[in-house]
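S.K.: After the structure tokens below, expect a handful of questions from me.
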Amino acid sequence: MKKMLLVLGLLSLCSLGAQPKPTMQPTALEELRGLQHNQRLNQRHFSWRPNGQLQVDRPFSEIEKTGYLLFHSDTYYNTNIIKDALASNLPAGVKLIVYTDQPSLVSRLKSHYEPLAGKSNLEVLGLTYRATDRAIWARDNTPIPVLLKDSTNLSKWGAVDAVYYGGDEPDSALANFFHINLGKNPYQFEGGNFVADPKGNCVIVNKRPTAEIPDSVFTDVYGCKKVVRLKHVSGIGHADERVKFINSSTVLTDTPSYVPQLSSLGYEVRVLPAPQGGRFRTYVNSLSIENKIFVPVFNEDNDEEALAVYKSFGLDVIPLDTEEISDKGNGSIHCITMTYPQMEMSELKNLLLR
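Counting the sequence shown from 1 gives a position; my numbering is that position plus 129.
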């Protein structure tokens, strides 16, 4: 009973009851404003070099060694169940960072997540930053980690902030927490539309307003060695809906028309089935953390076929029901999480709180 009351209390504080929440997809007006913003910038030469002495080498890839899992405290669209499962199944050596824009919730969040993740594996951050009801979409509005190198070729981690249409800007606050360099992409861009491998191949869906961002931003700011632009054919137009690097030789997609471009990167391409119902449902929006992968399922026939594909790679596959978040929020597991590489906590703190 005590545990039940705690969960109910947490949900009432974080979810604001039955009030309608905006989806991950931008409104028509938000998309238009983003397009206009990017069009104003796209004729300007832009490059970024953090701290003068540091050069961007490449972006972090989810299939590399993970040090931290991050998500926001909001739990609507039944994401409390998803987040509890993530916290309860963290691989050894991976820490959970739960951040909130309501510092008064820190104590209750600790009480909730400590039994799941373990006290030593948990940090709860009460941050002061501009937040909206879209704060839950961590993949889109938190800074993207990148590998930097100094003049002696010594590597360290940094991150890149972009303009988010939802208005949430936790980047500086999060950056300071991890003590790492925070660079700036001045264009409107969402992290969910950025998928990278350890070689520096970067995949984006060329939707509006992303199509207005020149390749030089991705090469100079994020360290991409090659930028692959995929046609927007379904979903809200995010790469993490359609493309999943699963290991150093294989990439997954549920969109057959993408196979030639992905094959050109030197990968074997495996095609996942598409869910039968729901425009925004996808099995691709899974979350990889070390040898574990958390896969969206929808209580339909194609679930088992999709899970079998993931299991064929020898991964510990954990299926999570995402019907509500996909159908009502237009997102899934990957959309509400962010993973960061292994680094000293002092570095991570600077990245997250600056």
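Cβ atoms here follow ideal geometry from the backbone N, Cα and C, with glycine treated the same way.
Does the pairing of the region 187 to 201 with the region 435 to 443 give three or more beta-carbon distances under 8 Å?
M.R.: No, because fewer than three Cβ pairs between the region 187 to 201 and the region 435 to 443 fall closer than 8 Å, the two stretches do not touch.
S.K.: Alpha carbon to alpha carbon, what distance is there between Asp369 and Ser233?
M.R.: Whole-angstrom Cα-Cα distance: 33 Å.
S.K.: What number of angstroms, rounded off, separates the C-alpha of Asp456 from the C-alpha of Ser202?
M.R.: Taking the straight line from one Cα to the other gives about 21 Å.
S.K.: On the CB-based measure, 16 or more other CB atoms within 10 Å of its CB, does Asp279 come out buried or exposed?
M.R.: By the neighbour-count rule (16 or more Cβ atoms within 10 Å), Asp279 is not buried but exposed.
S.K.: Can you have a look at Leu158 and say buried or exposed, based on whether 16 or more other CB atoms are within 10 angstroms of its CB?
M.R.: Exposed, by the Cβ-count rule.
S.K.: What did DSSP end up calling His201 once you bin it into helix, strand or coil?
M.R.: In the structure shown, His201 sits in a strand (DSSP, three-state: E or B).
S.K.: For Gln390, I'd like the list of residues in its chain whose CB is within less than 7 Å of its CB, leaving aside the five on either flank, ordered along the chain.
M.R.: Closer than 7 Å at the Cβ level, and outside the excluded window around Gln390, lie Val357 and Leu359.
S.K.: Quick one: is Glu341 buried, meaning 16 or more other Cβ sit within 10 Å of its Cβ, or exposed?
M.R.: Buried: at least 16 other Cβ atoms inside 10 Å.
S.K.: Between the Cα of Met153 and the Cα atoms of Arg410, Ala260 and Cys464, which residue gives the shortest distance?
M.R.: Taking only the C-alpha atoms, the option nearest Met153 is Cys464.
S.K.: Using only CA atoms, which one of Val334, Val185, Thr379 and Pro274 lies nearest to Val568?
M.R.: Nothing can be reported for residue 568: it is not among the residues displayed for the chain, which extend from 130 to 483.
S.K.: How big is the Cα-Cα spacing for Gln471 and Thr229?
M.R.: Answer to the nearest angstrom: the Cα atoms are 22 Å apart.
S.K.: Is it right to say Asp430 is buried, meaning 16 or more other beta carbons lie within 10 angstroms of its own, or is it exposed?
M.R.: Per the 10 Å Cβ criterion, exposed.
S.K.: Count the other CB atoms within 10 Å of the CB of Lys248; is the residue buried (16 or more) or exposed (fewer)?
M.R.: Exposed is the call here.
S.K.: Could you name each continuous beta strand (DSSP E) segment of 3 residues or more that falls completely within the region 327 to 380, going from the start of the chain to the end?
M.R.: Qualifying beta strand (DSSP E) stretches, in chain order: 330 to 334, 355 to 359 and 372 to 374.
S.K.: With distances taken Cα to Cα, identify the nearest neighbour of Leu256 among Tyr242, Arg263 and Gln231.
M.R.: Nearest option by C-alpha distance: Gln231.
S.K.: CB Val362 to CB Thr339, shorter than 8 Å?
M.R.: It is not a contact, given that the beta carbons lie outside the stated cut-off.
S.K.: Measuring only the C-alpha atoms, how far is Thr466 from Ser393?
M.R.: If you take the alpha carbons of Thr466 and Ser393, they lie about 29 Å apart.
S.K.: Can you grab the Cα-Cα spacing for the pair Trp286 / Ser377, in whole Å?
M.R.: Roughly 21 Å between the two C-alpha positions.
S.K.: Under 6 Å Cβ to Cβ from Gly146, same chain only, skipping five residues before and after it: list those, please.
M.R.: Unreliable positioning characterises Gly146 in this predicted model, as indicated by a pLDDT of 41, which lies under 50. The coordinate reading is nonetheless provided below. For Gly146, where only same-chain residues beyond five positions count, there are no Cβ hits under 6 Å.
S.K.: When the distance is taken between beta carbons, is Val275 closer than 8 Å to Val289?
M.R.: Contact: yes.
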